[in-house]
Structures are given as structure tokens and as C-alpha cells.
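Residue numbers (this note's numbering), protein chains in the order written: chain A, 447 to 848; chain B, 676 to 920. Notes follow once the structure below has been shown.
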Amino acid sequence: MKMIKLFLKESWRRIILYIKNYFLIVFSFIFFFIISASFLIEQLKFNKIIINPIYIYLIFIAMDLIIIFKKLPIFFIKPPIIYTCFYTDRMKKVIYGKYILTVFKVAIFSLIIYILLNSQLIDGNIEPIGYINILFFNLSAAILSWINYNNSKNIISIFGVYILASISLFQQYILKLILSFIPLIICIKWFLKIDIDWGKFLEHSSYIYKSSSIAFRKDTAEMLSFIMENSKTVEYKINLSNFKAKGSWVIIAKGLVELFRKPKIFHLINGVIFLSSIILHSYNFFISLMLQVALVTNIIQLSTENLLSIINKQKCGLILPFSENEILYKTSSISIVFISIYFLIFTLIKQVSILKYILSTIIFAIIILIVNKLHIKLPKYNKVITVLKSMIYTCVIVLFYY
Amino acid sequence: MNISVINVSKTYETVKALKNVSFQLNSGEITALIGSNGAGKTTIIKCLTKLTNFDEGNIYIDDIDINKIKNENYKISYIPDAPVYFEQLTVLENLQFICSAYKKDYSEISPIIEELQLQEYLSFFPDKLSKGNKKKLMIAFALLKDFDILIADEPFDGLDPVLVKIFKNILLKQKKMGKIVLVSTHLLDLAQTFCDKYVILNNGKVLKEASKEKLFDSMDLVDKKDYTVENIYLKLLEKDYMRDK
Chain A
447 MKMIKLFLKE SWRRIILYIK NYFLIVFSFI FFFIISASFL IEQLKFNKII INPIYIYLIF
507 IAMDLIIIFK KLPIFFIKPP IIYTCFYTDR MKKVIYGKYI LTVFKVAIFS LIIYILLNSQ
567 LIDGNIEPIG YINILFFNLS AAILSWINYN NSKNIISIFG VYILASISLF QQYILKLILS
627 FIPLIICIKW FLKIDIDWGK FLEHSSYIYK SSSIAFRKDT AEMLSFIMEN SKTVEYKINL
687 SNFKAKGSWV IIAKGLVELF RKPKIFHLIN GVIFLSSIIL HSYNFFISLM LQVALVTNII
747 QLSTENLLSI INKQKCGLIL PFSENEILYK TSSISIVFIS IYFLIFTLIK QVSILKYILS
807 TIIFAIIILI VNKLHIKLPK YNKVITVLKS MIYTCVIVLF YY
Chain B
676 MNISVINVSK TYETVKALKN VSFQLNSGEI TALIGSNGAG KTTIIKCLTK LTNFDEGNIY
736 IDDIDINKIK NENYKISYIP DAPVYFEQLT VLENLQFICS AYKKDYSEIS PIIEELQLQE
796 YLSFFPDKLS KGNKKKLMIA FALLKDFDIL IADEPFDGLD PVLVKIFKNI LLKQKKMGKI
856 VLVSTHLLDL AQTFCDKYVI LNNGKVLKEA SKEKLFDSMD LVDKKDYTVE NIYLKLLEKD
916 YMRDK
């Protein structure tokens, strides 16, 4: 009992840490949401969407299929618990507890799905028996995921049972129930014979536990390190040596190399935001403005990341022959150049005067330098600075371009 | 060239990490900084490397206060206990970064990576390296810089016996070149084989600062087999403990 108390205490502290670290982000998100909601309601006209439940079921089947064949387990146990309880009878209790908790989670998730399917937005006739059908279907998927994770059955058998369970979603009344019950019985039968692959499970549990701990701490440097540690080795076309930079110019080279190495999704999202902000600027003020602020924030964040990475490395002992100002100017210059290019495109499209363009670029350059200086001088207030700077960017964009 | 640490004190919140610490480091000499965990070794190293400020006292390099030396002009190289590198740059690119920062040619990298046997890891991201290889990378960083002072915090931690020997030779080479070398270590047997001087710390204060010979002469050692730095260190700790009691 004492042990459970201690584990619960640990979980509680993790939750508190999460709330503490993400409070400002959540708060600012809610704050912006409330402000923007009034704009959005006016801007977006909601039509009653009529969706055929078949499409929803197909998405649902695809999602559960991903869950079944995912590499990570459907649940995890904290590694310290495995280490301390593995050779005791407590381990069985822990794993049974996890099974019960998983069933409980699946039941809630199924209820949400059921409510959504029955909501006004969807023109479907979902009978109450549908909940049991969805629950059985999801339970089968969860068990199959655990079976597949532990390599207890071959893929064809797993897939066969899943197809059978999927068919039940498209049936009516009692047939629906029977067709979802049979695969569940088969799954439970297989489940009772599972031989857990503890080595793999411990490794993955450690991975999930460590990654969530880093995320809860909101330690971006460690998160980056953790991602790199667990990523595949890739050959890059653009390397530091391509730039042939000497002295403090190497800071810019480093920033550019890191920019090119950002995940493809980062470039894709920013590309979409960039195009959307240009296309939408004459149609929808609010959405265009929001997109612009998001893009500008992302661009400036590049320099802040580069700056903080060098400053933090120096603090940890990587002594470099650069002064603080040298680091500040060189890291900020990348963002300033990108912002200037972006505003130039906007100036040409919106036919804003060139004087306004120059003035807004200068103001932005000054803001970037001041904000980055604040990041160095007041590292404790990084979160507050991040929220404040988004507000300042919004004001400057509105002032010059709208 | 010499470094004089005079009555340096440092307090972290309520913990007095350093209490009037004084010692001297000379060029062409390898000094071992010895002490138990929490003795203040890393704190004094951080003061010397200007990574932390001290509350009282002074540190002079050839009579120049280190606080008056700009960071970019401070000719120091430091091997930290915990590895520090840029995660998104490969091992080679990290080394190239240091080279570029010090306006050196990339050709200077090759002899160092060969000496430290890092050739096969050049395209790896540092996070993927083992603990020992990360340490090697830190040593490579330190050697690529322009420095007159080399400070290493637990440099032998995680190194295999072959690398220990290689690194020991590297330190001896720096000594011959007239550099100031300070090594913090728990491996007293190893320190005895190449260090010229010892600074023994305990609870934030210097228990002893002496050359190898003077250290042995100062102790009442009964048996010849007692003539090890480890035994002297343990005796000094015991004396200090009794004094505090």
C-alpha cells in the first residue's frame, strides 16, 4: 500500500510539473481563443454538415488499424515499477491493473465516439446498441494491438479477426452485436495465452516514460537531444563545411544548417501558412493576420533557438571566443533577412509604400534584437517574453499592412 | 605564466561551496584537483573558467584580474564533466564549428581525431555516441581551441585504458609546451602517475596544496607502502574530520 502511495505521489508531482510548465501556454491559448472566437464566428459561416456514417466508420477502422500495428505498446508501465516489482507477486497486480485501466479508457473513448456519431452534425441513425458495438470493436482492436506487440499471433490471423470486427460496424441490430462479440471472444482467448515480451516492453516503457518526463519538464534542449538520440542516422546534403564560414560567421552557418535539417513537416506547415496568408490577405483580414503572426513568430523563433542553444552551451562549459553581442547579432540576422524578404513580397502584393516597408522592417529588426536580448538577460521569463512578443508582432503587422 | 587563486569564496543559496580557497597554478605543470563529491572541485573550476561568479576573493592570471579579461580574449580550454555539443550538428560539423570559431583550418581536425580514434564516428550525431566517445569529443574540442590554460573536469570518466593512456600523453605534451594544466579527478592512483602538484579540497576549503615530494614529506608515514596519494588523501580527510568534531 505504501508503495502505491509513493507511485501515486510521483504521478501527482508529474501532473503538477506539467500544469506549472504549460499553464502560461494553455492560459494564453484560451485567452486568444476567447478574443478570436467573436471574430471567427463572424468570419466563418457554419453550415450544418451532413456526413454519411459510413465515412466516419471507415476513418474509425483506419485509425484502429494504426493502433493495432503501431510499434509502441497500447499502455506502458513506469520503468521504476517494473524494476522494483518484476521479481515479486506485485507485478501481476500491476499488469492486471493496467489491463483494467485500459478497458476503462477504451470504454470512455467509445462513449465519446458514440456521442459524436449521434450528435446533430451527423445525419445518421445510430441506435443505443451502437455503443456496445463500438465498445466491443475498440476492445478487440486494443487486445489485437497488445497481441501484435507481443508477437503472439501472426499478422494474417490478427488482420482476419479485425476485418470480422470491422464488418459488424456496418450491420444492423442483433447482427451488429453478434458480429462484434465473436471477434472479441477470439481476442480474449488469444489474450489469455499471451507471453509478454518483457525486454521489448521495458525498453519501450522507458522510452515513453523518459520522453513524457522531458515534455512535462518542457526542457526543449533535452527533448532535442532525446529526439536525436532516438532518430536514424541520415546523410545530409547541406553541411557546415559548405559555408566555409570563419570566426563568428559560423554562427549564421550553424543556424542555416539547422534550419535545413528541420523536419519536412516544419517546412511544409510554414510553406502552407506562407501561401495561405498571401492568398487570403484580400479576402479575410482576421485569418490572414493570424497566419502572418504565426509565420513571423516561427521565423523569429529560429533565431531565438539558435541564440539560446549557443548561450546555454556556453553556460554549460562549451567556451567559445564570441562576445554576447556577436552571438546576438549573428543569430538574429537570419530572422531579419527572412522577415525582410517576406515583407517585401507582401509590400509588392498589397502595394504598400516602400517607405512603410523599410520602416516596418527596421522596427521588426529592432524588436527581434530587443526580444533576443531579453531572452539572454531574463531567461527565467522566457515564457512571458514569448507571449508578449507575439502580441507586439501582431500590432506591428496591423499598423503597417492593414 | 601562473594563476593565483586568492581567498575565493562562493555560496549557493545557503550552501557555502567554497571557503577562502587559495592556491596557485603554474605553467609547465599538471595540477590535480582532488576531493570527495561536493568538496567544491567543480565550483572552483567554474570560477576559473568564468562560468560562475565568486562572491569574495580574486583570481589573477599573471597579475591580471580574470574579471577584467573579456571572454573572447580568455585563452582557456575546458573539458566539462558533462558533455556539451550542438545536437543537430554531426561530430565532424561540431569539430568544424570549433575550428571556424577560432579561425583555424579544417586540416587541424584530422590529427586530433586520429589520435583520439574518432574517425568512424564523424558522421554520427553526438547524442548517438557512447559515454566514452562523447568524452573523446570533448577532449577533441578542447585541443582544437587556442589556449594557454587547460582545465579538465573528470576527464578520465568513461575512457577505456587505451584512451586513458592516450589522454595522459596529451596532457604531458601540453605540459611540455608550457601550458597550465588543471585536472580534477577521483582516480588518485592514476593522478599520481602524471601530476606534479596536488590541491586537496574538502568541504569547500583547501586541505593541502603541495608538489608530490612535499606532500609525501609533510605526512607522518610509517610504512613505505603508505606512500600513495590515496593514503595521504584519506589521512588528511580523517584529520579534517577529527578537527571539525
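Where a beta carbon is used, it is the ideal one built from N, C-alpha and C, also for glycine.
As DSSP reads the structure, ASP740 of chain B sits in a beta bridge with B:TYR735.
For LEU726 of chain B, the residues of chain A that pass the 9 Å Cβ criterion are GLN760, LYS761, CYS762, GLY763, ILE765, in the order they occur in the chain. In the DSSP assignment, ALA692 of chain B falls within the unbroken beta strand (DSSP E) covering 690 to 701. Residues of chain A whose Cβ lies closer than 8 Å to the Cβ of TYR781 of chain B are, in chain order, SER687.
Within a 10 Å sphere around the beta-carbon of ALA508 of chain A sit fewer than 16 other beta-carbons, which makes this residue exposed. Against chain B, a Cβ distance below 9 Å from SER755 of chain A picks out PHE761, GLU762, GLN763. Chain A has no Cβ within less than 8 Å of the Cβ of LYS811 of chain B. Look at TYR608 of chain A here: in three-state DSSP terms it is helix. Between the region 594 to 612 of chain A and the region 538 to 556 of chain A, the count of Cβ pairs shorter than 8 Å is below three; the stretches do not touch.
Rounded to whole angstroms, the Cβ separation of ILE822 of chain A and LEU774 of chain A is 7 Å, and the two are in contact under 8 Å. Look at ILE751 of chain B: its C-beta is under 8 Å from a C-beta on chain A. Of all residues in the region 875 to 888 of chain B, none is placed with a Cβ closer than 7 Å to any Cβ belonging to chain A. Annotation: LYS743 of chain B to VAL874 of chain B spans about 25 Å, alpha carbon to alpha carbon. Annotated as proximal: VAL739 of chain A and THR840 of chain A, with beta-carbon spacing under 8 Å.
Taking each of A:LYS802, A:LYS826, A:SER769, A:VAL742 in turn and checking the Cα distance to ILE814 of chain A, the smallest one comes out for A:VAL742. Proximity of ASN746 of chain B to chain A, defined by a Cβ-Cβ separation below 8 Å, is satisfied. The bridge partners DSSP lists for TYR729 of chain A come to none.
When only Cα atoms are considered, LEU863 of chain B and LYS524 of chain A end up about 39 Å apart. For THR860 of chain B, there is no enclosing beta strand (DSSP E), as DSSP gives it neither H nor E.
For TYR777 of chain B, the C-beta contacts it makes with chain A under 8 Å involve PRO767, in order along the chain. No Cβ of chain B is located within less than 8 Å of the beta carbon of GLY701 of chain A.
Between GLN763 of chain B and the set B:THR903, B:PHE800, B:GLU913, the nearest pair of CA atoms involves B:PHE800. By the Cβ criterion, the region 702 to 709 of chain B is in contact with the region 857 to 872 of chain B, since at least three pairs of Cβ atoms, one from each stretch, lie closer than 8 Å. Beta-bridge partners of ASP828 of chain B (DSSP): B:SER859. The bridge partners DSSP lists for TYR687 of chain B are B:VAL690. Per DSSP, reduced to three states, the secondary structure at ASN597 of chain A is coil, with no helix or strand assignment. If you compare the alpha carbons of B:THR868, B:ASP835, B:PRO836, B:ASP828 with that of LEU847 of chain B, the shortest gap goes to B:THR868.
Nothing from the region 647 to 662 of chain A brings a Cβ to less than 8 Å from some Cβ of chain B.
Chain A has no Cβ within less than 8 Å of the Cβ of GLU829 of chain B. Nearest C-alpha to SER586 of chain A among A:LYS455, A:ILE520, A:PHE689, A:ILE684: A:ILE520.
Not flagged as an interface residue toward chain B: GLY645 of chain A, since no C-beta distance is shorter than 8 Å. Contact between LYS761 of chain A and LEU834 of chain B fails: their C-beta atoms lie close to 25 Å from each other, not under 8 Å. Assigned with DSSP and collapsed to three states, SER614 of chain A falls in helix.
Close to GLN849 of chain B, with beta-carbon spacing below 9 Å, lies no residue of chain A; the smallest spacing is near 16 Å. Beta-bridge annotation (DSSP): ASN677 of chain B is paired with B:ASN701. Look at GLU795 of chain B: its C-beta is not under 8 Å from any C-beta on chain A.
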